[in-house]
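Below is one structure; the comments refer to it alone.
In my numbering, the protein residues as written are 157 to 302.
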């Protein structure tokens, strides 16, 4: 189980490093949003109305298992490592996942409008700082307990 958690932490940390510029800069964030919208247009233009509705609903509900998976990873790490600091940071990570889901509850993930994707400066900044503290710390803690 520890090996699986280590692999998950490394993958999440690599994705955080890759996404950091778009999370800290509003201009880069909206550049990324425009790329997503362009790919959404290419996808949705070739579909009938019924298939479009299906894709939109599927995209909205696919986020929930992903968020649940992340919460389970953070909870497993908090339970596995015998450190109050790691437990507290794991709870903070679960909390930020829930807040992110709340902030994006009305967003259609295959939207064609830039205004649907809001830039939450303070939330993104807090999440980036938390991730840069949490991932290396838990990686080392899991390795020491391995």
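Backbone N, C-alpha and C define an ideal beta-carbon position, used for all residues, glycine too. In this text, all values refer to a predicted model and were calculated from it rather than measured experimentally.
Beta-carbon proximity check, residue i vs residue j, cutoff 9 Å
i, j, result
"residue 250", "residue 227", "yes"
"residue 239", "residue 290", "no"
"residue 236", "residue 161", "yes"
"residue 253", "residue 230", "yes"
"residue 303", "residue 173", "No information on residue 303 is available, as it lies outside the stretch 157 to 302 that the chain covers here."
"residue 242", "residue 159", "no"
"residue 191", "residue 275", "no"
"residue 123", "residue 224", "The structure shown does not extend to residue 123, since the chain is modelled only from 157 through 302, so no value can be given for it."
"residue 280", "residue 180", "yes"
"residue 232", "residue 300", "no"
Run of the alpha helix (DSSP H) containing residue i, from where it starts to where it stops
i, result
"residue 232", "205-236"
"residue 201", "182-201"
"residue 262", "Counting along the chain, residue 262 falls outside any alpha helix (DSSP H), and DSSP gives it neither H nor E."
"residue 295", "277-301"
Which listed residue (the options) has its alpha carbon closest to that of residue i
i, options, result
"residue 176", "283, 197, 242 and 293", "283"
"residue 271", "174, 279, 201 and 186", "186"
"residue 189", "273, 158 and 174", "273"
"residue 258", "219, 170, 244 and 300", "219"
"residue 168", "292, 275 and 181", "292"
*Taking one C-beta from the region 205-215 and one from the region 265-274 each time, how about it: are there three or more such pairs within less than 8 Å?*
yes
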